[in-house]
Amino acid sequence: MTNIRHLVEPENFTLEEIEDLIDKGLSMNADPKPYANVCQGKIMASLFFEPSTRTKLSFDSAMMRLGGQVLGFSDASTSSTSKGESLADTIKVVSGYSDIIVMRHPKEGAPLLATHFTEVPIINGGDGGHQHPTQTLTDLITIKKYKGKLDGMKIGFCGDLKYGRTVHSLIRTLARFGNKEFYLISPEELTLPSSLKAQLEKQGVKLIEMRYIEDVVEELDILYMTRIQKERFFNESDYIRLKNSYILDKDKIKAAKSDMIILHPLPRVNEISNEVDTDPRALYFEQAKLGVYIRMALICKLLEVGPYARG
Amino acid sequence: MTNIRHLVEPENFTLEEIEDLIDKGLSMNADPKPYANVCQGKIMASLFFEPSTRTKLSFDSAMMRLGGQVLGFSDASTSSTSKGESLADTIKVVSGYSDIIVMRHPKEGAPLLATHFTEVPIINGGDGGHQHPTQTLTDLITIKKYKGKLDGMKIGFCGDLKYGRTVHSLIRTLARFGNKEFYLISPEELTLPSSLKAQLEKQGVKLIEMRYIEDVVEELDILYMTRIQKERFFNESDYIRLKNSYILDKDKIKAAKSDMIILHPLPRVNEISNEVDTDPRALYFEQAKLGVYIRMALICKLLEVGPYARG
Amino acid sequence: MTNIRHLVEPENFTLEEIEDLIDKGLSMNADPKPYANVCQGKIMASLFFEPSTRTKLSFDSAMMRLGGQVLGFSDASTSSTSKGESLADTIKVVSGYSDIIVMRHPKEGAPLLATHFTEVPIINGGDGGHQHPTQTLTDLITIKKYKGKLDGMKIGFCGDLKYGRTVHSLIRTLARFGNKEFYLISPEELTLPSSLKAQLEKQGVKLIEMRYIEDVVEELDILYMTRIQKERFFNESDYIRLKNSYILDKDKIKAAKSDMIILHPLPRVNEISNEVDTDPRALYFEQAKLGVYIRMALICKLLEVGPYARG
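Chains as they are written, first to last, in my numbering: chain A, 17 to 327; chain B, 17 to 327; chain C, 17 to 327.
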C-alpha cells in the first residue's frame, strides 16, 4: 500500500467510492463465499476505549467472515492508557501488532489524531457525539438494497435529533447524494442543532420541522427512528418526560405507504413498539445484519484485498 | 437448515441423540484431526451476561478446535443490555452476526426466550440456578468413557444438593437412562429439593439420603462431589459452618472400589483434598477436558457439520 | 513432546538457545510468510490475572501471525479464581483447553508454580515485580538487529532502576552474554537493589552509578530508558518530585554517538520527550514491533513447530 486510506468521517470517501462500497457490500450479502478467505493472515485491532458491544461485534463478525483474526480490548480501563500512555503511542504500538485498526473513543477527534501516528488504516467506530461513519454506511446499504437508490426520496427523522450523531451524519451524506428535503420530527428540546441546519440550508436543503409522526408519515419513503439516549440528558426528569413522546406503534404507521421502510440504528429502548417488528416495512434488524456486509467491504477496501485487490 | 435445533435443557434431546453425541465426542477425543476444519468460516457468538470463565473457555476451545471463530462478551456490563436493550433484540441482532449462539444468563428461562427470536441455534451455557445442560453432557461423556455405560450404576452425590443445579440435571438425566437408585449425601440444610424428590420418586427412582460419605462409599460406582457455593447462601456463618463438612480425602475413599470414579463439575474450593488428585479414580480434570469434546460434538450437531453434515 | 519446556525466567534458556531464538525471530521479521500457518489448529490460552494490554496484544498478535487461535481473559475478576479456585486447578483445567499458556500474575512465583501442574508449555508474561522474560527477549532482539551483537557494548540504564524489573532482567542477561560494564543513571532513591548489585559484582561486572544522563551519554552504545511507575511509589509527592527528573530530550542526546540506540519497554509517560521520536536512534516503537517476532519464535520453540519442528 503506497497511500494508506482511513475512514474517519463519511466525507473521506467520494460519492462514487461510497456507492461502489455499497455495491460490493451487497454482493457479499448476496453470496459471501468468494470472500471467506480474503483476509486470511490479516489481523484487525479492535480498540474500544469506550464500550460498545454492538459496534464491536459487528466489526468482529465482518473481519471473521473474511477469514481474518481480531485482537483488542472492549474497555479502556484495562489498557495502557490507564498507565498514562498517550493515544499517539498506543496507536504507534498497536499498528505494529495489526494490519488495520478499528477504534471507538469518547473524545471527538481521537480517530483523526490516530491517523497521524499509524502505519495501518484506521476506521472510526465512533468518537464521542461526533462521527460514526460505519453506521451511516450501514444506513445507506439498507436504503440502497430496499429502495434501489440513494437520492430523490422523502425521508423523515424522528426522535433525538439534537444529540443523535447517526442522524447528523446520515442527513449530511444523503444531502451529498442529492436529497433535497428532510422531515425532522422531534420535541422542541431535541431539534437538529442550528449550526447543522444553517449548513444544510446553505446547500439548498429544505428542512421541515414538526412535532408528530402522523403529520407526515403518509408521504415518507423512509422513516428513520432514533433512541432517546438517557446518557445525553442532564437530568432524569427531562428524560422521563421525553423518552415516551416518540414511540412508533402500528397506529402511527397506518397511513404510511406500503413500501415505506423503517430504520433504526439500534439498540432501541421503547421508541419502536414490539408490535411493529413483524411489519414487513420494519427493517432495523435487517439493517444491523447489512452492517456486517458493508463493514466487510470497507475492510477489504482499506486493506486492498478481495474485490479491492490491486492488479 | 430447515429446522433449527437448540439445547436449552437435556430433555431437548432424546436418549438416542445423547448417546450418539457422546459417541461422537469420544471419537473426537480419540482422534481430533478429522474435525480440525469442520467449522471453518463459522462464527460462534459467546454471550456471557454473567461471568463464567470456565464454561466460556471450554466452549471457545471447542469451537476453535473445530476451526471456527468466536466473538462475544464475558460480562454484561459492557453490552447493549446496559443501554436498556431487551434480550430479544440482542438475540435478533447477534443471530445476524453469527452462526451459533452460546449464552449464559443470570435469569432462569432466558435461553428459552432467546430461542423464540434467533435465526441460529442457541446453546444454554447456564441460566441462573436452573439448567446447565452441557455440564450434564460433560458428566455423561466421562461416565461413558470410564464406566462403559450410562445405566445400572450406584451413584452417590455429595455436597450441596439443594442449590447445585448440575446435580439436579444429572440425576434427572441418569434416571432417564434407567438408573434407579441414587445416594444423596448432604447436610440436612442442603438436601435435594422436595419437588425434585417427588418427581423422581414418581418415576420409580429410589433416593437414599444420608449424612456421611463413609456410609455408602464402598458400594458406589460413581461419587459425584459438588462445591458448596458461597453465593447460594444467605448468610456467611451458615457457609462457614457447612463448607468444610463434606471434604473428600484419602481416608474417606479407603473403602471404595478400585474402579469407582470421582467426578466434580469444578471449580472446587476445598471439598476435595489435593491429596486425592493423584488417585487414579480422581477424574475431575479429565472430566473438564472431555467437556471440550462433548461441546465439539454438540456444536457440530447443531450446525449440521462434520459428523452431522447432511448427506 | 516428551519434555515440555517453559519460559519462566531468561535463565531457563542457554545463551545458545537465546541467540538461536533471536535469529529465528529476525528471520520471521524479515519474511513472515513461511510461518503464517505453522500454528494452525493450535490454541494459546492467555491468562491475565492482572491486566496488561500491551503484553497481551503482543502475544495475541504473535500467535495469530502464526495462524493459531487465542482464548483467555484479560482480568482475573471474571475468572474462576474469584470463586476461590486455586491457581493449580485453573492451570490443570486450562491446560486441557489449550496447547500453550501465557500467564501474567500479580504474585511472584505464580508461573513457576504453574509449571508443576500443566500439561502444556507455560510462558511467564510477568509475575509481579519479579520476572518478565519476554520483555528481555524483546530488548535483546532489538539490540541484535541494530548493533549486530549482544556483547562488548557500553550500556546505560536510566530511570527507575529499583523497581523496574525489565532493567534487572536485562542487565542479568546481558551480563551472561559477557557485557562487563553498565552505567546506572537514576535518582538516589531509585538505584539498583543492593542484592542485585552484589550478585553482579561477584560475577565481575562493573556498575557505574551516576545521577545525570549527560555524564555518560557520549560514550554509550545503548541508552535504555524506563518509566517511573506511579504504582511503585508509596506516596504521591515522591512520585511527582521524581517523575520529571529523568526526561530524555534532544538536548540530552546531542553529544551521543550517531549509532547509539535508545530503547524503552513502553508504555512511556513523559520520560522521553516526543521530539526524540523522530530521531533515527529512537527505536522504542521498532522494539515493540520486534517483540511480536521474538514471541512468534518463542511460541514455535515451545510448541516444537515451524523452525523448531522435530525431524
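A virtual CB, placed ideally from N, CA and C, is assigned to each residue, including glycine.
With DSSP as the reference, please indicate the residues paired to residue i in a beta bridge.
| i | result |
| --- | --- |
| Gln147 of chain A | A:Asp143 |
| Cys174 of chain A | A:Ile201 and A:Met241 |
| Phe133 of chain A | Beta-bridge pairing links Phe133 of chain A to no other residue. |
| Ile288 of chain C | C:Leu264 |
| His121 of chain A | A:Asp143 |
| Met226 of chain B | B:Ile201 |
| Leu153 of chain A | According to DSSP, which records beta bridges pairwise, Leu153 of chain A is partnered with nothing at all. |
By the three-class DSSP mapping on this structure, what secondary structure does residue i have?
| i | result |
| --- | --- |
| Met80 of chain C | helix |
| His184 of chain B | helix |
| Ser74 of chain C | helix |
| Lys305 of chain C | helix |
| Glu32 of chain C | helix |
| Ile104 of chain C | According to the sequence as given, residue 104 of chain C is Ala; it is not Ile. Residue state, collapsed to three classes: helix. |
| Gln215 of chain A | helix |
| Leu63 of chain C | strand |
| Leu15 of chain B | Any answer about residue 15 of chain B is impossible in this case: the structure gives chain B only from 17 up to 327. |
| Ala313 of chain B | helix |
| Gly57 of chain A | coil |
| Leu23 of chain B | strand |
Less than 8 Å between the CB atoms is what I'm expecting for residue i and residue j, so what's the real figure, rounded?
| i | j | result |
| --- | --- | --- |
| Gly330 of chain B | Tyr262 of chain B | Limits of chain B in this structure are 17 at one end and 327 at the other, which puts residue 330 of chain B out of reach. |
| Glu33 of chain B | Pro149 of chain B | Going by Cβ atoms, the distance from Glu33 of chain B to Pro149 of chain B rounds to 12 Å, so no, they are not a contact pair. |
| Ser217 of chain A | Leu208 of chain A | Note that residue 217 of chain A is Glu in the sequence shown here, rather than Ser. That pair is no contact at about 11 Å. |
| His22 of chain A | Ile138 of chain A | 4 Å |
| Val233 of chain A | Ile278 of chain A | Not really, about 10 Å apart at Cβ, beyond 8 Å. |
| Asp265 of chain C | Val292 of chain C | 6 Å |
| Asp105 of chain A | Ile59 of chain A | 19 Å between Cβ atoms; not a contact. |
| Leu306 of chain C | Lys161 of chain C | 7 Å |
Within its chain, find whatever has a CB closer than 7 Å to the CB of residue i; leave out the 5 residues flanking it on each side and keep chain order.
| i | result |
| --- | --- |
| Pro281 of chain A | Gln151, Thr182 and Thr242 |
| Val110 of chain B | Ala61, Leu63 and Ile117 |
| Tyr51 of chain C | Met44, Leu82, Met312 and Gly322 |
| Met169 of chain B | Lys163, Asn195, Asp237 and Ile238 |
| Met17 of chain B | No answer about Met17 of chain B holds up, because its pLDDT of 46 lies below 50 and its placement is not dependable. |
| Ile159 of chain C | Leu166 and Ile238 |
| Lys317 of chain B | Leu37 and Tyr324 |
| Ser74 of chain A | Gly307, Val308 and Arg311 |
Once the 5 residues before and after residue i are set aside, which same chain residues still bring their CB inside 6 Å of it?
| i | result |
| --- | --- |
| Leu186 of chain C | Thr152 and Asp155 |
| His121 of chain A | Phe65 and Asp143 |
| Asp167 of chain B | Phe193, Gly194 and Asn195 |
| Gly41 of chain C | Ile157, Tyr309, Ile310 and Ala313 |
| Asp76 of chain C | Val86 |
| Gln56 of chain C | Gly83 |
Flag residue i as yes if its beta-carbon sits less than 8 Å from any beta-carbon of chain A, otherwise no.
| i | result |
| --- | --- |
| Arg284 of chain C | yes |
| Val54 of chain B | no |
| Lys58 of chain C | no |
| Arg311 of chain C | no |
| Arg70 of chain C | yes |
| Glu66 of chain B | no |
| Asp76 of chain B | no |
| Tyr113 of chain B | yes |
| Glu101 of chain B | yes |
| Leu212 of chain B | no |
| Met80 of chain C | yes |
| Lys308 of chain C | The residue asked about is misnamed: residue 308 of chain C is Val in this sequence, not Lys. Yes, contact with chain A. |
Using a Cβ-Cβ distance under 8 Å, would residue i count as near chain B?
| i | result |
| --- | --- |
| Met17 of chain C | Because the pLDDT of Met17 of chain C is 47, which lies under 50, any placement of that residue in the model is unreliable, and the number read from its coordinates should be weighed accordingly. With 8 Å as the cut-off, Met17 of chain C does not count as an interface residue toward chain B. |
| Lys108 of chain C | yes |
| Leu319 of chain C | no |
| Lys161 of chain A | no |
Comparing the C-beta of residue i with each C-beta of chain C, is any distance below 8 Å?
| i | result |
| --- | --- |
| Met276 of chain B | no |
| Tyr262 of chain A | no |
| Phe301 of chain B | yes |
| Val183 of chain B | no |
| Gly141 of chain A | no |
| Ile315 of chain A | no |
| Leu328 of chain B | In the structure as shown, chain B starts at 17 and stops at 327, and residue 328 of chain B therefore has no counterpart that could be examined. |
| Leu129 of chain A | no |
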